[in-house]
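The block underneath contains the structure these notes are about, expressed in structure tokens.
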Amino acid sequence: MSLNIGRIIGIPVRIHYTLWLVLLLIAWSLAEGYMPQHYPGLGVTTYWAIGIVSAIILFVSVFLHELSHSYIAKKNGLPIARITLFFFGGVSEMSAEPKDAALEVRMAAAGPLTSFLIAIVLGASWYLTVLVSGPVPIIATLYYAALLNGVLGAFNLIPAFPLDGGRVLRGSLWGRSKSLLSATANATRVSEVISLVMMAVGLFFVIFGDFVNGLWIIFLGWFIRSGAETSLRQTRLTESLAGVRVGDIMTRDLLSVSPDASVQQLVSDYFLVHPHGGYPVISN
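First residue of the sequence shown? That's 23 in the numbering used here, and the numbers climb one at a time after it.
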């Protein structure tokens with residue numbers, strides 16, 4: 023279930039309902055945990071204001087991260103169906119794969135670079151605010167937002183599908199092997215190893231009492247593994263259908279059914295005898 027919030031540079035933008043849950047969790051964790059611990063004495067209302075504003079900044083940051091992918095794609099003639107923001111971040115849904123390895127690398131790298139640029143701008147704003155002894159809530163918000171964007175950029179550089187680092191890896195392998203399928207298969211193997219390591223680390227955290235962070239790492243590992251396997255299946259399907267015409271797979275010597283035939287005859291004489299999924303009803 024997604025809410026369409028409009029178009030940016032001609033691309034539909036949707037928000038999946040799970041994103042609201044993430045934003046609420048971030049606001050709550052900041053208001054009830056991180057901010058009171060690091061900036062004591064501000065008051066409950068102020069903490070929640072910081073949490074909500076920080077969550078909104080994260081939402082905008084993730085959107086700009088995905089928009090950078092889409093901008094590079096559109097600039098190079100690759101259509102983008104939509105941008106969807108959801109529980110694990112966002113995704114730019116492409117109508118087709120990049121045309122070459124170099125475009126794949128440029129598109130993938132644009133996201134982390136955008137996140138790092140946002141982190142630098144917010145970090146510089148935080149530093150200047152500290153220098154002029156600005157309001158503590160603004161200092162806290164800028165610092166955390168800069169930190170989040172730095173983490174977002176760094177995390178996406180992990181060489182695992184469907185993260186940007188995984189696409190950079192696939193593009194690099196594609197450029198060397200000249201085979202998209204081979205590059206995807208090799209990148210998927212790397213992704214599976216990384217996902218297993220992440221899930222093992224998450225389980226370690228859970229066993230030793232850090233349940234929330236451990237469970238989160240396990241979910242991320244599962245997400246990476248699932249995304250890698252899905253990308254490989256899609257690439258295999260695309261490669262197998264390349265150059266295949268509709269006429270090559272059409273049903274020939276088509277069987278038809280008389281409108282006077284009973285349903286029992288249709289089942290017993292057609293569906294149970296022949297491998298076709300449907301039959302045209304044609305009057306003589």
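We treat Cβ as the ideally placed atom computed from N, Cα and C, and that holds for glycine.
The criterion of a C-beta distance shorter than 7 Å is satisfied by MET221 and GLY243. Put simply, the backbone Cα of LEU144 is about 32 Å away from that of ALA123. Counting other Cβ atoms within 10 Å of its Cβ, TRP196 reaches 16 or more and is therefore classed as buried. When beta bridges are read from the DSSP output, LEU254 appears opposite no residue.
DSSP places ALA103 inside the beta strand (DSSP E), whose first and last residues are 102-108. Within its own chain, the residues whose Cβ lies closer than 6 Å to the Cβ of SER137, once the five positions on either side in sequence are excluded, are HIS87, ASN171, LEU174 and GLY175, listed in chain order. Where GLY265 is concerned, there is no enclosing beta strand (DSSP E), because DSSP gives it neither an H nor an E.
Using a 10 angstroms sphere on the CB of VAL266, the tally of other CB atoms stays under 16, which defines it as exposed.
Around the beta carbon of ALA146, a 10 Å sphere encloses fewer than 16 other beta carbons of the protein chains shown; the residue is thus reported as exposed.
Runs of the alpha helix (DSSP H) lying entirely within the segment 47-115, each at least 4 residues long, are 57-60 and 66-97 in chain order. Distance between THR206 and LEU89, taken at the CA atoms: about 24 Å. Straight-line measurement puts the Cα of ILE161 at about 10 Å from the Cα of LEU153. By the 16-neighbour rule on beta-carbons within 10 angstroms, ASN235 is exposed. Between GLU115 and THR106 the beta-carbon gap is near 6 Å, inside 8 Å, which marks them as a contact.
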